[in-house]
Amino acid sequence: MTGSVPRLPGDGEPRLRVEAVSKTFGSNRALREVELDVVPGEIHGLVGQNGSGKSTLAKVLTGYHGPDPGGRVFVDGAPLRLPVRPLEARARGLTVVHQSLGLVNDRTVVENLRLGRFRARRMSRRIHWREERDAARAALERLGLDVPLEVKVGALNEEDRATVAIARALQDAQDGTGVIIFDESTRSLTRESLEHFYKLLDSVVATGTSVLLITHRLEEVLDATDRVTVLRDGVSVECGLPTKGLSEADLVRTLLGRELLGLAREKHTAPAETGQPVRIEGLSGQVARDVDVSVAPGEIVGVTGIAGSGHDEVPYLVSGVRKATAGRMWLGGKELALSKMDAAAAIAAGVALVPEGREREGLALEMTVAENVLLADRSCRRGAMAPRRRRAERALVGQWIERLDVRPPAGDLPAGKLSGGNQQKVLLAKWLATNPDLLVLHEPTQAVDVGARHAIVAAVRAAADAGCAVLVSSSDENELSLLCDRVVIFRDGAAQPDPLDHPSADDIVQAIYSGGKRRLRA
Amino acid sequence: ACGATGPAGTSATPAADNAALSDLKKSVDQMSQALPAYPVPTDKVDGVSSLRGKTVYYIPITQQAPQFAVTATALTDALKAAGVNLQVCNGGSNPSQISACVSQATGANAGGIITDSIPYGMAANALDAARAKKIPVLITDQIPDSAHPADATLGYIQGAGGDMLKAVADWIIVDSGGTANVLINGSTDSPSTKSYVDQAKQEFSAKCPGCKVTVNEISSANYSLIASSTSSAILRTPGVNYVVSEFDQYLQPTLQGVQQSGKQTSIKGASTAAQVSGLQMLSGKNFLYVDASQASPYQGWASADAIFRLMLGKQLPTYTIPQRLFTRDNVSTVSTDAAAEGTGSWHGPADFPDKFKALWGVSQG
Amino acid sequence: MTVTSAAPGNASGHKGQSRPDLKHFLGRTGSRFSVIGVWALLVVIYGVTEPDTFLTSGTVQTIFGSQQALVFLTAALLCTICVGEFVDLSVPSVLGLCAIVVPVLAVQHGWNVWLASLAAVLVGTAAGAVNGVLTVYLGVNTIVVTLGMSTLLLGVALWISNLTPVSGLDSDFAQISLFQLGGLPVGFYEGLVLMLGLAYVLACTPLGRNMRFVGANREVSRLAGIRVNRIRFGAFLSAGVIAGVGGVLAAAATGGFDPTVSQSYLLPTFAATFLGTAILEPGRFNPLGTLIAVYFLATGILGLQLMGVAGWVADVFYGGVLVIAVTLSTLLRGRSG
Amino acid sequence: MTVTSAAPGNASGHKGQSRPDLKHFLGRTGSRFSVIGVWALLVVIYGVTEPDTFLTSGTVQTIFGSQQALVFLTAALLCTICVGEFVDLSVPSVLGLCAIVVPVLAVQHGWNVWLASLAAVLVGTAAGAVNGVLTVYLGVNTIVVTLGMSTLLLGVALWISNLTPVSGLDSDFAQISLFQLGGLPVGFYEGLVLMLGLAYVLACTPLGRNMRFVGANREVSRLAGIRVNRIRFGAFLSAGVIAGVGGVLAAAATGGFDPTVSQSYLLPTFAATFLGTAILEPGRFNPLGTLIAVYFLATGILGLQLMGVAGWVADVFYGGVLVIAVTLSTLLRGRSG
Ligand SMILES: Nc1ncnc2c1ncn2[C@@H]1O[C@H](COP(=O)(O)OP(=O)(O)OP(=O)(O)O)[C@@H](O)[C@H]1O
Ligand SMILES: Nc1ncnc2c1ncn2[C@@H]1O[C@H](COP(=O)(O)OP(=O)(O)OP(=O)(O)O)[C@@H](O)[C@H]1O
Ligand SMILES: [Mg+2]
Ligand SMILES: [Mg+2]
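As they're listed, the protein sequences go chains R, B, E and P. If you number the first sequence the way the numbering used here does, the last residue is 637 and the count never jumps. If you number the second sequence the way the numbering used here does, the last residue is 405 and the count never jumps. If you number the third sequence the way the numbering used here does, the last residue is 357 and the count never jumps. If you number the fourth sequence the way the numbering used here does, the last residue is 357 and the count never jumps.
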């Protein structure tokens, strides 16, 4: 294949070797003769655009999908039977933290951690709960997490959930053997947890265990991995490219197969004040306390902070999805009591929320793209029982699909059949189509590739330029610096004074942690 | 209560009672015999040949009860003898469906409509519409509905429902020597089924002052509760020694109820509208001691006769559907299979089809 | 700055979607119209084997004139199914109760028959409201509530009718379902209008789209400003009203009603509604597909009865058709999707 | 910089759980044992109002000796419900078919009765396998498949029995369900053992845990390496076997069977199973809660019948109890959870 397979460092057999693995879904070839080599004791990056086949490869390796005939997979030099038997793969040391985490919310931490690993006593076939709990506790302790074992996973926050999923995979890793695959597991980890996570990975790979890391955060790839494999449209265009000395631009070029223009943040100046700013005063929720923010039309304001600082609550309080305990908002000359507002009232007042949980709160995946885009829109509407204006609707959908570059550009496809990044674009289109006065975004480019990220950023900026006030809550400093005119830092529920003006990613990290930017992995 | 009145009653007029009992025993013995001959009407029906090619609709309340299949088969044979077609339409125990069946017959310009075990009111509008189109309607296995008296387009054949239950009552009176404590699982499904139970109660009160009768009302809608209501009725009425299931249809849950009450050894089972399974239980000496049976095949032929007469604008004679009591003693005299049931040999010589054919003036064979 | 649009490699993933090939087309058409095809085939088969009885206007009248109760029941069921309440087991009992209320009030208590009908519809509405309050606002499991209500309402129907059929309704009143129009009773058109109306609302109005969204994902709908609970409650209420009206029409058609029979509608209602998911819009509950399913099943059963087969054949046909049709539809859809 | 373990915000999500307060405790206990409390209350009320008839050993025999078929049916239903197949409507028909197969083969065709029983269980297993193949491997909607199979199997049962009840089984054979042990028929203990076994498997073994996980989230379970389809198929198969054995015992108890009876079990089976979710493990389907629900409902009905109330009261009781119990359980759970 295209990629040059480098000499393996150290001794003979690679820990994991994938040869010519293909996977076809219907008429769609998601993987084409993919090659991959992971040597013992390395952190190996796997990058690619949305839909390039990364998750598919991970799922083939754990037996979730059966590959097309012809490929071969070796673990420590010995071939693995294809299609992979899940238990056999695990016995050989292959474990995966899936993109969706794979947790059941109404089950306890210990049950989730030990899922699929329960062992029965010989005679009674009973589960030995004490052993299971010990094992679970040990796995969590390794990650430095102290979660009560009997708590339902649904009660945990996103980061703890990710940690539980990671701990589950790590508990199978025996020192010096095996490969752990992380499929975008780090996307919801905060900076501090990320650092801890990589510290842990260091100790894991130091024993000779290998790690395959799938991520869209290119800085993570450059900082943390030893080598990287790049997938493009199901083809491995680079195999085991050493990351030492690789620049982000180089990586992006390999990944996209083209130059990405304007990656650097161009100074975006808010247009001259055209209307009254949106003012939020005295906003309090579960964590947030007495927050004052004001966003002028055309301005993009970011809120961020460490996990639990309350910044991620703001979008939901402002849009009436969660009841605020106190707070008022002035929007378009009207005053709204945030503690009484519900979602419908907020939408009527011109607020649009793009939530984080795409599958849970963002899109109805079995409905079509067009239906999703039109759901919140009221411009084509005359009354609940009046016929819909199909032509106007179709035009509107077509316009948004084109503007956000949704692929494939088919409005009648169920939203669930789009890749994650494209779903994110549809989600954004759905709310931009309402022509909001205040657009509230939460992690708008999470799990989205660089190309899609640009499309999304451009769309948000276009909305701002058209006079929309934009409020972004995010824990991704790159995203914030790319988007925002101002960034407000949250600490312990309170908005810090002195917002950062057009900050760089480093500025933001520094402001959050009051320390300089370091590499994730020493 | 029974223990108190029973002996007292017998001791008061022992001679009279004994005489009455032995009379009753005679009639019970007679009802346990096969008929020497079926009571085929005697006045001839002219012009049956003019009916050739017509279609008669037979609408049983449901096809999920076997006696209707027996009747339907006999009816088919009878009509075929006169060159008339039979169309069966399942009432499905549902008024809408029954109405649909009647409308279907009306729409198809049927020669006549025969309903089985369906109260007139359950499809009143549809039946009215059929009669308005001069399609004769024959209601079988029902007591006549006073709101819809018989006329040129409407006839009734009563069936033996009340007689069977009375016969079973007689058998119980005789068997118990006039001291029975009876529980009747009586169906409230239609006015007819209620009236059968009333007739049995009258029979008991007229002929057995020493007997105690309790009625446990059951309904098809509560089929799943029949077993437990039976057992609770048994618990509630101390000393029950006979349990009557109004129809064989309710025999299984009735038996379950008796089993659940733990009194199976002291209770004798009885039923009416005997089917093959009832006779099997008799010959297997399982719970059941007596089962009254009505001559379903004969009913089929009688219905054919009646519908011919209605179609030809003639008066209906009074039909008596024969019935017979089967007990553990006489059940061995018949073969307990569907074939024997279908020929009518359970009740008497199976030559009545020929007699009917002769009556109609259609060729033998 | 802008992203250069349409990088060459990017689109390759979706080749399958943008160029529908013949197999795909056949699959979709097959899964849409296969049941209708089988219906046509049935008509041909019955027409050939039973020409004298099947190929008559009476047959048409029977098939299309006898399914009103079922049409109303399936419509009521669709109301709640479309907003994601999968199994409302209570509709047959609601219909049965409303149908018995009319003759009980009008015949036994001497009410004006129209007043009695109004009362019956109100009873149905109230039943729907109870269902709605319990499931929507108190969050009780739908199956439990509707199963419980079904039994409870059956009990009430038996109670007010004293466990026996009540009849004796005016034959003038019967005209509201039996009046003949073009050879078919007006009840047929009432059912047709109801289903067409439902189809229109679901397919063409914002309300319908909101209902589908609520059915697909409640949380998404709530965040989109749809008053989810109001729509769900409204669906239960409408189901009650429709079942109530259906009950009145059923009572009018038969001149009375039998309180014990409502349960016998349960199976056909569910069978037709689910069979409807294999027609016109495969995989989706849809009113027109359901309507076709009702008449398809009626045709099948009628033909079998005309052939004089035993009672059990109808059950086998009913069950077999349901399983086979939906299985085929599922497989065809899977292949084409 | 290191992560301070347990950042302040981190734990906020589960404060509630770690410090159970009194209200919480009462709520949980209330929702666990409220139905059992009502049961005790019922016994007291009936004991006071009907001392002569209710407080007898006959009552106990009736309540605990009469529910075998229902226990087997609920157990079969639980098998599939626990793996997330919400509504298997076919279990009553499977039981009915198996129950009629025994007398048909043994009495009408002269088979050895044990061989006939084996055949009946095999029939049940086959029915379960068909359900399983269609839903698990072909992906057809569970309700559709089981509704269709239910009708189809009813038709088959009517067919092989020629629409008639068949009886005449040996009274020796009846001992497998009627043999008296400590005043109760052995069938009671068979049901008890079955339910306890099911409860043990679900609560204590890896298989049970995996079943619950499959029920909660198929995708997650598959990603975790559980053989999801095998477990789902196994559940359908077990349901078939259990219904088959239940059918054989039911046929033995009555010495024969009536093929039309099976449908009357549908409502009680679902009522008891769902009522079980309000007992012991609120909000969760659980075998012991279901067993208690079966006997609770039997007690309630029997007491009412002993009081001599009309037939419709039982329906109102059934429906009312189901709705009220599950509503209360839902509300209590909501408050405590
Ligand atoms: N279940 C499926 N059925 C059909 N096609 C699928 C399925 N899952 C994935 N695909 C296809 O496989 C391709 C690769 O998807 P995959 O999830 O591996 O991408 P990815 O690289 O993980 O993307 P992302 O970065 O967004 O996670 C996609 O183009 C998609 O069309
Ligand atoms: N069920 C499905 N049927 C058909 N195509 C699918 C299905 N699921 C996903 N796809 C296709 O798979 C592709 C990628 O899907 P997937 O969600 O795996 O992408 P991804 O790489 O994970 O993207 P992202 O990073 O945006 O999450 C898309 O092009 C989509 O059209
Ligand atoms: Mg992925
Ligand atoms: Mg993805």
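Glycine residues also receive a C-beta, built at the ideal position from the N, C-alpha and C atoms. Computed from a predicted structure; not experimentally measured.
>> Any beta carbon of chain R sitting closer than 8 Å to that of N151 of chain E?
In response: no
>> Please list the terminal residues of the continuous beta strand (DSSP E) segment that includes H557 of chain R.
In response: 553 to 557
>> Any beta carbon from chain E within less than 8 Å of G357 of chain P's own beta carbon?
In response: Reliability of the predicted coordinates at G357 of chain P is poor, the pLDDT of 42 falling under 50, and the value obtained from them is presented with this limitation in mind. Answer no: the Cβ-Cβ gap between G357 of chain P and chain E never drops below 8 Å.
>> Under 8 Å, Cβ to Cβ, is there at least one residue of chain P near S170 of chain E?
In response: yes
> Taking 8 Å as the CB-CB cut-off, is P201 of chain R touching chain P?
Replying inline: yes
> So, helix, strand or coil for V75 of chain R, using DSSP?
Replying inline: Missing from the structure shown is residue 75 of chain R; chain R here goes from 116 to 637 and no further.
> Can you tell which of B:D156, B:M204, B:R368, B:S306 has the C-alpha that lies nearest to the C-alpha of N281 of chain B?
Replying inline: B:S306
> To which residues of the same chain is A390 of chain B closer than 7 Å at the C-beta, ignoring the five residues directly before and after it?
Replying inline: T383, G384
> In angstroms, rounded to a whole number, what distance separates the CA positions of A467 of chain R and S434 of chain R?
Replying inline: 7 Å
> By Cβ distance, which residues of its chain are closer than 7 Å to A345 of chain E, with the 5 residues on each side in sequence left out?
Replying inline: V55, L295, A298
> Relative to the alpha-carbon of L346 of chain R, which residue among R:V484, R:V136, R:A584, R:L446 has its alpha-carbon at the smallest distance?
Replying inline: R:V136
> Thinking C-alpha only, which one of R:A206, R:I295, R:D287, R:G217 is nearest G156 of chain R?
Replying inline: R:I295
>> Comparing C-alpha positions only, which one of P:W59, P:G78, P:C118, P:V80 sits nearest to G266 of chain P?
In response: P:C118
> What does a CB cutoff of less than 7 Å around S318 of chain R pick up in its chain, not counting 5 residues either side in sequence?
Replying inline: none
> Excluding five sequence neighbours on each side, which residues of the same chain lie with their C-beta closer than 7 Å to the C-beta of S454 of chain R?
Replying inline: K438, A439, T440, A441, G442
> Is the beta carbon of V587 of chain R less than 8 Å from the beta carbon of P612 of chain R?
Replying inline: no
>> My parser needs the beta strand (DSSP E) runs of 3 or more residues fully inside the region 50 to 132 of chain P; what are they?
In response: none
> DSSP state of M444 of chain R, grouped into three classes?
Replying inline: strand
> Just the Cα atoms here: how many angstroms apart are L218 of chain R and R229 of chain P?
Replying inline: 14 Å
>> Within 10 Å of its beta-carbon, does S412 of chain B have 16 or more other beta-carbons around it, so buried, or fewer, so exposed?
In response: Beyond the ends of chain B as shown, which are 41 and 405, falls residue 412 of chain B; an answer cannot be given.
> Does the beta carbon of N165 of chain B come closer than 8 Å to any beta carbon on chain E?
Replying inline: yes
> Could you check where the beta strand (DSSP E) with I312 of chain E kicks off and where it finishes?
Replying inline: Premise fails: I312 of chain E lies in the alpha helix (DSSP H), 307 to 326, not in any beta strand (DSSP E).
>> For a test of the three-state rule: what should DSSP assign to S590 of chain R, helix, strand or coil?
In response: coil
> Any idea what DSSP makes of S349 of chain E, helix, strand or coil?
Replying inline: helix
> Helix or strand or just coil, what does DSSP make of P205 of chain E?
Replying inline: strand
> At what residues does the beta strand (DSSP E) containing C354 of chain R begin and finish?
Replying inline: 350 to 357
> What is the residue span of the beta strand (DSSP E) that P100 of chain B lies within?
Replying inline: 95 to 100
> In whole angstroms, what is the alpha-carbon distance linking E474 of chain R and V488 of chain R?
Replying inline: 15 Å
> So the beta strand (DSSP E) E148 of chain R belongs to, where does it begin and stop?
Replying inline: 143 to 153
>> Contact between the region 262 to 278 of chain E and the region 190 to 200 of chain E is defined here as three or more beta-carbon pairs at a separation below 8 Å; is this criterion met?
In response: yes
> Taking the DSSP output, what are the residues bridged to E396 of chain R?
Replying inline: R:R443
>> Does D616 of chain R come out as helix, strand or coil in the three-state DSSP assignment?
In response: strand
>> List, from N- to C-terminal side, the beta strand (DSSP E) runs of 3 residues or more that fit wholly inside the region 169 to 197 of chain R.
In response: 187 to 190
> With 16 as the cutoff for other CB atoms within 10 Å, does G185 of chain R come out buried or exposed?
Replying inline: exposed
> Cβ atoms of P357 of chain R and A584 of chain R: under 8 Å apart, would you say?
Replying inline: no
>> Run through chain B and tell me which residues come within less than 7 Å of S110 of chain P, C-beta to C-beta.
In response: None at all; the shortest Cβ gap to chain B is about 17 Å.
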